[in-house]
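Residues in the sequence shown are numbered consecutively from 1, following this note's numbering. The beta-carbon is built from N, C-alpha and C at its ideal position, and this holds for glycine as well.
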Amino acid sequence: MGRILAIDYGRKRTGIAVSDPLQLIANGLTTVPTHQLLTYILDYLAHEQVERILVGLPKQMNNEASESMKYIEPFVRSLKKKLPEMPVEYVDERFTSVLAHHAMLEGGLKKKDRRDKALVDEISATIILRDYLESRRFLSRM
1 MGRILAIDYG RKRTGIAVSD PLQLIANGLT TVPTHQLLTY ILDYLAHEQV
51 ERILVGLPKQ MNNEASESMK YIEPFVRSLK KKLPEMPVEY VDERFTSVLA
101 HHAMLEGGLK KKDRRDKALV DEISATIILR DYLESRRFLS RM
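Here is the structure:
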């Protein structure tokens, strides 16, 4: 069983999270400048076994895709072209930034640390992955 990689794609920087090999726990991995994202992922895959990649799907409250999809879709196409055998799927990412800020508050991070947008992106990717893992566990019990 391989890891699952989750991506919170942003125009400037992208948060990345990864599961453990048993796909039980979501951990923040890093935040990378978006223009280096594909290179980073390819390098990571050269060293770690990854089973699938999740990409946060930004939706509006009316359930329509947000404006940022015009940046995400070309990246996903490039990713699928470079890794044709790798399953890549979109996962709803609504409210992950709000949840990330809430987690930072609950974690007792100082105000200065809570302003770190790179950390927010990494935590958002972790929330995307955590929610995916939890939904899979829930569905397997049905």
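1) Looking at the unbroken beta strand (DSSP E) that takes in Arg-3, where does it start and where does it end?
2) Mapping the DSSP letters down to three states, classify Asp-20 as helix, strand or coil.
3) Considering Leu-54, what are the terminal residues of the beta strand (DSSP E) in which it resides?
4) On the criterion of 16 or more Cβ atoms from any shown chain inside 10 Å, does Arg-13 qualify as buried, or is it exposed?
5) Between the stretch 73-80 and the stretch 21-32, do three or more beta carbon pairs fall short of 8 Å?
6) Can you tell me whether Thr-126 is buried or exposed, with buried defined as 16 or more other CB within 10 angstroms of its CB?
7) Buried or exposed for Arg-136, please, with buried defined as at least 16 other CB atoms from any protein chain shown within 10 angstroms of its CB.
8) State the CB to CB distance for the pair Val-16 and Glu-122, rounded to an integer number of angstroms; the pair is presumed to be in contact (CB under 8 Å).
Reading off the structure:
1) Here residue 3 is taken as the residue at index 3 of the sequence shown, counted from 1. Segment 3-8, the beta strand (DSSP E) holding Arg-3.
2) Position 20 of the sequence shown, counting from 1, holds the residue named residue 20. If DSSP states are grouped into helix, strand and coil, Asp-20 belongs with coil.
3) Within the sequence shown, numbered from 1, the residue matching residue 54 stands at position 54. From DSSP, the beta strand (DSSP E) with Leu-54 extends over 50-57.
4) Along the sequence shown, one-based indexing puts residue 13 at 13. Buried: at least 16 other Cβ atoms inside 10 Å.
5) no
6) Your numbering for residue 126 matches position 126 in the sequence shown. Thr-126 comes out buried.
7) Numbered from 1 along the sequence shown, position 136 holds the residue referred to as residue 136. With fewer than 16 other Cβ atoms within 10 Å, it is exposed.
8) Taking the sequence shown and counting its residues from 1, the one referred to as residue 16 is at position 16. Taking the sequence shown and counting its residues from 1, the one referred to as residue 122 is at position 122. It should be pointed out that residue 16 corresponds to Ile in this sequence rather than to Val. So it is a contact: roughly 7 Å between Cβ atoms.
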